[in-house]
Structures are given as structure tokens and as C-alpha cells.
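The listed protein sequences derive, respectively, from chains A and B.
Start counting at 1 in the first sequence, then tack on 325, and there's your number in the working numbering.
Start counting at 1 in the second sequence, then tack on 865, and there's your number in the working numbering.
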Amino acid sequence: MFVINCPYCGEREQSEFKAGGEAHIVRPKQPTELSDDQWAEYLFMRKNIKGIQFERWVHTHGCRKWFNVVRDTSNDVITAVYKMGEKPPTK
Amino acid sequence: MKKKLRVKTSKFIDETYKISFRFNGKTYYGYKGDTLASALLANDVHLVGRSFKYHRPRGIMTAGSEEPNAIVQLHKNTSRTEPNVRATEIEIYEGLEASSQNCWPSVNFDIGGINNFLSPLLPAGFYYKTFMWPASFWEKYEYFIRKSAGLGKSPTEPDPDIYEHKYIHCDVLVVGAGISGIMAAKTAAKNGFKTLLVDEKPYLGGSTIYQNSEQFKINNQISSSWLEKEINEIKKIKNLEIKIRTSVAAYHGYNFLLARENLTDHIPLEQRNNKTRHRLLKIRAKKVITATGSLERPLIFDNNDRPGILLSSAIERYANLYGVACGEKNVLFTNNDSAYETAISLYQKGINIEAIIDNREETDSKLIKETEKNNIKVYKGYTVVDTYGYKRINKVSIMQLSKDGQKTIGSKISISCDCLGISGGWTPAVHLFTQSGGKLKFRNEDHVFIPNIYSSDQISIGSCNGDFTLDEISSTVPKTLKEFLNLKKIDYEDLEIKSSFNKSKRNIWLLPSDKIIGKTKPFVDYQNDATAKDIKLALREGFRSIEHVKRYTTTGMGTDQGKLGNMHALGIISETAGSKMGELGTTTFRPPYTPLTFGTIVGRNVGEYFDVFRKTPIHGWHVENKAEFENVGQWKRAWYYPKNGENMHDAVQRESKAARDSAGILDASTLGKIDIQGTDASEFLNRVYTNAWSKLAIGKCRYGLMLNEDGMVYDDGVTTRLDENHYIMTTTTGGAATVLGKLEDYLQTEWPELDVYLTSVTDHYATVSVCGPNSKKIVSQVIPDLDFSDENFPHMSFKNAKIGSIKCRVMRISFTGEHSYEINIQANFGKSVWEKCMEAGKEFNITPYGTETMHLLRAEKGFIIVGQDTDATMTPIDLQMDWIVSKKKYDFIGKRSLYRSDTIREDRKQLVGLLTENPDEVLEEGAQIVADIKKSPVEMLGHVTSSYYSPNLKKSIALGVVRGGKNMMGQKLIIPMENKQINVTVADPVFFDKENKRLNA
């Protein structure tokens, strides 16, 4: 069980949070103009990386805020935490 | 003649405190401080159990948590009886009662012992190979296999003990209170770190605490005396917490560790009442120092498992710590210097040693010289080839080893004995380190795996890091601590050490024998009876991965998890397969290090705390009025109210009839309520519901359907516009939390530009729903100031009102199809409003109804229940609810998915009504629906989702999902049941009052 540094509350146990899958998948602004394949790409396709992954988390049992986490899925080491709307770290 | 096995008094044993206990029905005596194992040994009891597969007699092998053989059943009573307790760990107390496991009728005469003679027929993988064919026979085999499998008996009655969980946060956690752990804890604590020191034993000091020899000195004091002073000092340090009898079970990422603190297992049963038995410590440490020590390895030779064969270090511990001699004629067999430490200890205590067999030829350490000085015969370059004695060893035969160590030469020498100590060197206890994600490396010089790459802020010190001897510890531990804790100077930097230990070792994984291997039984895993022969067989049969060999031979799969034999298994595999140990790796070490009781894992979450439930403010009334309850999400909801011994069916029929004939009342407080405010609230609703919301007038209510982005129905409920920028949304009872979570997700991540605020108010309001033709008469008595005329207060609208001086919200909405009102009031007034309605409704026979009647009434109207009539594969179109999907709106959650190639298929499962041919026949929910029963295989078209007998229609009604059902109106289908077929007709899902006349009746 790891510790997540919530950008609003600080370090908390993982059990206070819920994972929300891959980050930076933007909902299309005009879904009606997409083909089935394009829509399916948004709707279903997700990466499943062994290594550095950008993911969304929500502090369910805390401030209820969503934010982004950069986590190495092979060892759970979190290298960055940043708010929604902020640019992901480049390194 | 009775042997005298208690030797010179040990300071760890209180000989003035005699304790009686029972083992296998016989009474014995021991002293305070004894473990069950030491007390049995003092009574000359070695035979304590039978092995798992061959039922061979087995004795106590070790003096710690690594014990594979001496596992016993504790207590007789059916609630406290506990299997697989290690006799080497349990401290005796007055009245302790233990018995052997895996033997019948008794440990001395065990019928299963015949397996020992059948062993040529029971090789590795025997069960896999034998019971595979014919497959249909498996059920017959299974009965016998299950009967003979398993160790011990589990309790059959609830556990009377109390368990609890505790969180601990500390700067430094030190695991293991041996010499290295003590040094670490003192250093950390004295330098201001909030420190926790834990050890699984009931005392501190590890094995150094009884190292009473002139051969091992620290600062010119005997090592045990030096350590004792250190221990006395650390007990006084304020920011150091010390927990004994505390075993770390698991080491997870981010320095999160689980430990079991044992609080009452060492005191008499009658003193345990109302005390916590075990405490699961959930430790989050900034830094972890692992000082878990090392485990002595056995040696692998023919018949190395007889009672009376122990690890040499265990014999030393029993003599020094417990003052117990394991035998009167002791023989030691070793490949390193450790056995000589034992020899010197035994000599000092006056315990006789017949001989030492050392497989090294040239050895010249001080310890050996010291031993030989005491006239103890040492056979150098020899190996034990066999042992004798069925229930207790009585003789060993030894032979000289060839130069390469692969063969025996010369003739056999027999030495009679009653105890054999074996020492195959030491294995660092790296279990916790690897659990945490650490990577090991293999050290070729002494054949050990040691920590290499750490995964978190932690360090291993002492013998668990491969630094076994006093001089190694003094040269590495202080330096490591200084670096790890980032300190300038620490104590211990200039310890003066005298250590006579010589590190030389002659490692032979499988010792040679004069017999061919097929005729020998060299045990590698004692508990599971896996021999070197089995491992070689597995390799011959083509197994290569150690994980596969482990599972095929069951090596390391017992309750001891192969703490003793795993290294030999690896060694034999690597030798036989010709691969390098370092490349072979180890099997995975998984938590827990030692078994945990279920009680420890569960803690206080038992009985009423197993799964907490939520109660509405009106719950007390339901209980008083004898409601039966059903679980909905976390809620307890009134299910039905049986009267005069009614069964559920009768109660529901009565309630359903009353609600339509006159008046019914329902506690709807559990429905999720979300308060929505903000200038963009209408726009927000437009985006999350399928229908349009902008034009909803203030004071009006609207039913909404919410989809997932994949177009599937997610939730539904009525939302009311309270004001220009203020709505209150209701959700399904079970969906409240996830709906709020989903809405927050969209608001925060996709539409942060919207000015909308969501607040859960589910618990803030109680909701009383009154329905039926007389509902208006009832609520207007409860709220006399409100104009209930249809003109002022039409269906699907809301009014602010007051009951006395208390504000409430009244909605005229209906889930039953009847004229009905929902009164929402501050939760603590809920029960009083309910009672007021009951009072006012007396003359109309107002009838409280529960969820079952609610379900029946809505089914008569064809209203869906999300989660019962839908699963995550139903679109609104599938539900025949096209009317609620806005064609005009540009976008809403799930809109695009409604015309994906898959969602527009005509043959999707669609919701329909089902009417049985026989109107009295009620279908079973979940029953399959087919068209052609003769077709093979029978094609399943769908299933029944809701089914009731309607007292208002006087016939059976059902809803179901049927492939292409929309176009099957009037068609006949079949519901095949176990012993009959039921004919049904596809119908309109709205069965009752299709014109909705009753809403305004």
C-alpha cells in the first residue's frame, strides 16, 4: 500500500484514494462528428504500461478532488503529483 | 531410568515457578520461561508429530519460528482449539493442553505410517500422475484425498477472543532485537528518531544473549554480559518503544509493514477474558532497519529426519537459554564452526558429547582446538551416511568423504547416540527484504543470498545481511547505521572484539551415501516430506523453473514455507541442472513470514461490526412495527411488514392492494440526494441526463436517465428545480455515492469551466412517501396550510411548506403510478412526520409498505429498476425508453455511443413484458427465456428480470430482456424450468393504468 501526496491535503494512505485510469485522455468536444472507430479509440482504448504511467486519482475519503499522478507501475514509485489542468512534467 | 535433562540453572527459566501442562493426554511439568518444546525435551519427549505424506515419526527440530515438525494442536475446547501451533514458540502456562497432529489413532501408533513403507509408490507428483485418469473418477478420488489432506483441526465455534488493529507511525522501525537490532535501536533513538523495536521472541538479545563463552568478547566482556547492559540501557530511552512477542508478517511498499503482537497466548486461559489476544500493527515507518538474523541450515543425508535430530544451534539454545539437554549422548555433525560453539556450550553445562563429525578435512580454528582440548572426539572429513531408531535416533553411521566430496570411502563407523545436532551453515533471513521488493545477490564464498538492491528507505544489518560473526557485525553495523541515519558519530565505532569463529565451510548440498539415491530418504522439506530424490526426479521429468519444481515436489509449501530446506532445494537443482545459483534465483517469499490467525486479520470487524449498515431516521418505527429488513447498498430498508403471522407473499399482496385501494406509506429516505447549485446548473444537467433540462420551470420535477459514456443506463431519478440556479437530484439508493463521484469527475476534469457545486444531502433529509387515492386527504391534514388543489400543486411539481415551524419540501411525484406525495424534512423530524401521516391516515387504513411492495407496484407500471431490469449492457433504446432521449441536444454523456454499430443492432436484448399462459403461475426471476426448446443447443434469448403476482390485476406479471424483443409483441416464448416448461406471451411492459389516469385521481 503506497502513500500519495494529495496536492490539496498532503501525504495520505492509498486506501483514502481511488484510481481513475489513464490521464490526459480528453473527452472529444464534438463527439457527434467522430466515426465509430474514432469514438471507440476515446471510449475503450487505454495503455497498460509496465513502467512510468500517467494516471488520474481522486481523494475519495478526503477532499474529493481529482488530480494526476506519475507512477511507475512496476514498483509503485510516484515521481510526480499535479493538479488537473496543469501540464504533465516532462521528465 | 529417568534421565536428568535439566542442566545448570538458566537465568531465563524461573525454577521456583513450576507449571503443569498436558501433551497427548499426559501431564508433564516445566518451568516459567519454557516453551512447549523446551519443556517436552526436558521430559525426554522428542516424538511430537507425524510427517504429512509418509507419517514418519518426527521430533522437535529447531528452537524458533522456522520449526517444520513440532506443530501441535492447542486446547481441547471447540472454540479456542488451534491447529499448526509451533511448539518451539508457544510459552507454557498452567493448564496448557496440546496434542499431536496428522496421526491416528496416536502419535506412537499411527496407521498412516504405512505410507512410509509404500513410499516407493508415492514419488513427487504422485497425486498429479495417478488421479488424472479417468477424469470421471475424480469425484471418488477427491473424497479420499481430502480426508487424508490437511493438518490439524479448525475450531467449530466462534472465537471468544478479542483482536484489534493499530496504526503506528514512526521514524525508524527496527525488526529483530538481536545484537545488531539492539545497536540500531539505541543509535536511532538516542539520536532523536522516534523508534520502534520489535522481536518475535519473548526476550531481547537474539542468540548473543546466551553466548556465554570466553571465546566471544566485546570490550573485554563476555558478549552476553555486554549485550545485557545495552538492553538495560535502551529500556530507559523515552522515544524508543519496544514490543516483544511481535512478529512482522509482511513488508509492503513504501515501508508499510504488518506485524502481529501476541498479548495473551502465554497466560492461562482463565486470565484471558476481556483482554486483547492479538494485535495487528499497521506500521508506516520513514526508515526501516531489518535485523532479522539468520536461520541455521540442516544437512541433507539419508534419514536426516528422525526424532532426536535437531539443528545444532537449537541444541545450544535449549542448553543455554532453557537449561535443557536434548540428549545424554550427543553427536554433532557439521560443515562449519557453529557446531563447535554448541559443543563448548554443552561442555560448560556438563552435557556429554560423544563425537563431532566435521565434513571439512583441514580446519584449524580456535574453537576446534578449544573443543579438542576438552577431549571431545572430532572426525574430520567424515559424513553421516545413515541414522537408526524409529521413534528416536539411537545410532549414526559415518564414513569418510572423498576429496571431491561426491563419494564416501572406507568403512562405516557406528556411533550410538540419543541426539544428533546438525549444522549446514547459515541462511540470512531475507524474507522481509524480498517481500518489500528488494533484489538479492548470491555470494559464492559461503553460498548465501544477501540483500543487494533496496526498494525503499531501508537497510539490512547483521546476519540477515550475511554478516554472521561478531567481528563482521562490529566492522559493518556501526558504519552502515551511521550512513543510513546520516549521523556524524555513533557509539560502537571502536568496539573491541574477540571472536574465535572461523568462517570456513565445506558446502555439499546433498551429502553422498554408500547407497544409491533411490534407496535413501534425504529430506529437504521435512513438513511436506519432499526429499532430494523427489527434486532430482522432477528435474529428470523436465521441470526447470524453480517455481515449477517447488509446486511439483511441494518443497517449501508447508506452514514453515521452507525456511530450513529451500536453500538445499535450490542447491540440488543448480547442481543437477548445471546452472549457477545466482542465475537460478529463489522462489518468491510471500507474506506472512509466520502464519497469522484469522482473528488477527479480521480484528474488530466481527459480528455487528463485520459490515456496518445505515439506518434511516424512521428505522426505529420499522423495528417497533416488526418490519422485515432487506439490505440495499449499505442501507437496511424495510422489506415488508408482516401482520398476524403473515408470510412475505401475503404481506406484500395486502400492502400492494391497500396502496392502490386507499393509501400506502413508504420510507424513501435512502434515495440518494444531491444538492446542485451554480449558474451553470441547468447546463450541467443537460450534459449528464439524456433529456432536456433548460426549460424546466422553477418548482417543477422531471425524471432523468443517466448513461455511462458507453451509452448504457447508469442511474435514474427525479430532479427538482428549487430555484433558478438550484436543483435537488435524487439517485437510486445503491448508486448515490458512485453517481456523485461520477458527476464530480466530469465537473472537475472535463468541464471545469462550469459554475456548479455538488453536495451530498442524502443523510440530511428524511423522505416520507404517501401514495394512493386518499393520499391527498392525508397529507393535507399533516400540512394544512398548503393548497393541495391540482391547479396549484399538479403532478411533477414541488412546494416549500411548513409542518409546525419546521420547513419541508413536498414533491408530487410517483413511483407507483398512484397519486402520491413525498415529504422531505430535516432528518431528525422524519419519524415524527411519518407518525403524523400514520395518524392522519388511520381512517383511510393507511398501510406502511416496504421495498418488495414498492417493486411490485412499479412493475405493474413497467417502471424499471436500474440494476435489476438493467445491467451494464442496456441502452435506453433497449429499455423502450426512446422518449427520454433528446434528439435536439447536441451532446450528453453517452449520446455518441447510442448509434455505434453495436448499439443500433435490432437483435439486442430489449426490455419487454411477459404474461404467463396460466395467470397464477409466477415466473422465477433470472429464469432463461427460449423460443425453441427442441433446437440443440437451445438458444437462450434472454432472462426474466422482475416477476410478481399482481393483486391489483389478479394475475402474474413479469419483465424480462429478450433478444429482439421489441418486435416480438404477442409472440409465444418458453421458460424452461427444472421440471416443467412455462409458456409466456411477450407483452407491453406497462401492465396497469396505461393511460396514467390514477396520477390525478
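C-beta: ideal position from N, C-alpha, C; glycine also.
Between the options, which lies nearest to residue i when the distance is taken from Cα to Cα?
i, options, result
"N1217 of chain B", "B:L901, B:N1239 and B:S916", "B:N1239"
"N1138 of chain B", "B:P1025, B:Q938, B:M1048 and B:K1103", "B:P1025"
"I1355 of chain B", "B:S1339, B:K1368 and B:D1655", "B:S1339"
"E1219 of chain B", "B:E1235, B:S1281, B:G1173 and B:V1249", "B:S1281"
"I1840 of chain B", "B:T1850, B:M1834 and B:I1749", "B:T1850"
"G1427 of chain B", "B:G1450, B:Y1458, B:F1408 and B:N1367", "B:Y1458"
"G1215 of chain B", "B:K1231, B:E1615, B:I1539 and B:E1193", "B:E1193"
"S1916 of chain B", "A:E411, A:V402 and A:K412", "Residue 1916 of chain B lies beyond the stretch modelled for chain B, which goes from 866 to 1866, so this question has no answer here."
"I1688 of chain B", "B:I1769, B:V1604, B:L1536 and B:W1616", "B:L1536"
"A1184 of chain B", "B:L1211, B:N1195 and B:S965", "B:L1211"
"P1659 of chain B", "B:T1627, B:H1413 and B:A1866", "B:A1866"
"I1483 of chain B", "B:L1297, B:H1030, B:Y1630 and B:D1736", "B:Y1630"
"V1039 of chain B", "B:T881, B:R1479, B:G1057 and B:I1154", "B:I1154"
Using a Cβ-Cβ cutoff of less than 7 Å, which residues in the same chain neighbour residue i once the five nearest sequence positions on both sides are dropped?
i, result
"K408 of chain A", "P332 and F392"
"G1485 of chain B", "K1696"
"S399 of chain A", "K375 and G376"
"G1464 of chain B", "D1024, D1026, Y1028, R1142 and H1143"
"F1494 of chain B", "K1501, R1502, A1503 and W1504"
"K1018 of chain B", "Q938, T946 and P948"
What does a CB cutoff of less than 8 Å around residue i pick up in its chain, not counting 5 residues either side in sequence?
i, result
"E1589 of chain B", "I1563"
"T1334 of chain B", "S1364, F1366 and K1368"
Taking 7 Å as the CB-CB limit, is residue i close to chain A?
i, result
"T1299 of chain B", "no"
"E1618 of chain B", "no"
"S1811 of chain B", "no"
"Q1323 of chain B", "no"
"D1580 of chain B", "no"
"T1603 of chain B", "no"
"Q1499 of chain B", "no"
"T1740 of chain B", "no"
"Q1542 of chain B", "no"
Cβ of residue i within 7 Å of Cβ of residue j?
i, j, result
"I1258 of chain B", "V1243 of chain B", "no"
"E931 of chain B", "L1429 of chain B", "yes"
"G1041 of chain B", "G1158 of chain B", "yes"
"L1186 of chain B", "F886 of chain B", "no"
"V1063 of chain B", "T1141 of chain B", "no"
"T1894 of chain B", "A907 of chain B", "One cannot answer for residue 1894 of chain B here, as it falls past the ends of chain B, which runs 866 to 1866."
"I1530 of chain B", "P1713 of chain B", "yes"
"F1653 of chain B", "K1672 of chain B", "no"
"G1830 of chain B", "Q1775 of chain B", "yes"
"G1423 of chain B", "N1470 of chain B", "no"
"T1481 of chain B", "D1532 of chain B", "yes"
"S1203 of chain B", "I1287 of chain B", "no"
"S1045 of chain B", "V1342 of chain B", "yes"
Leaving out five residues before and five after residue i in sequence, what residues of the same chain have Cβ atoms less than 6 Å from its Cβ?
i, result
"A1823 of chain B", "L1779, L1788, V1809 and S1812"
"G1600 of chain B", "D1580"
"M866 of chain B", "Interpretation of M866 of chain B is limited by its pLDDT of 46, a score under 50 that renders its predicted location unreliable; no figure is taken from the coordinates."
"K941 of chain B", "E962"
"T1596 of chain B", "G1537, D1580, G1582 and V1604"
Could you check whether the Cβ of residue i sits closer than 7 Å to any Cβ belonging to chain B?
i, result
"D401 of chain A", "yes"
"F342 of chain A", "no"
"D397 of chain A", "no"
"D362 of chain A", "no"
"M370 of chain A", "no"
"W382 of chain A", "no"
"V394 of chain A", "no"
"V328 of chain A", "yes"
"R352 of chain A", "yes"
"P440 of chain A", "The shown model of chain A, from 326 to 416, leaves out residue 440 of chain A, and the question about it has no answer."
Select from the region 1112-1138 of chain B all residues with a C-beta closer than 7 Å to any C-beta belonging to chain A, and list them in chain order. H1117, G1118, Y1119 and F1121
Chain A contacts from the region 1758-1776 of chain B (Cβ-Cβ distance under 8 Å): K1760, R1761, S1762, R1765 and S1766
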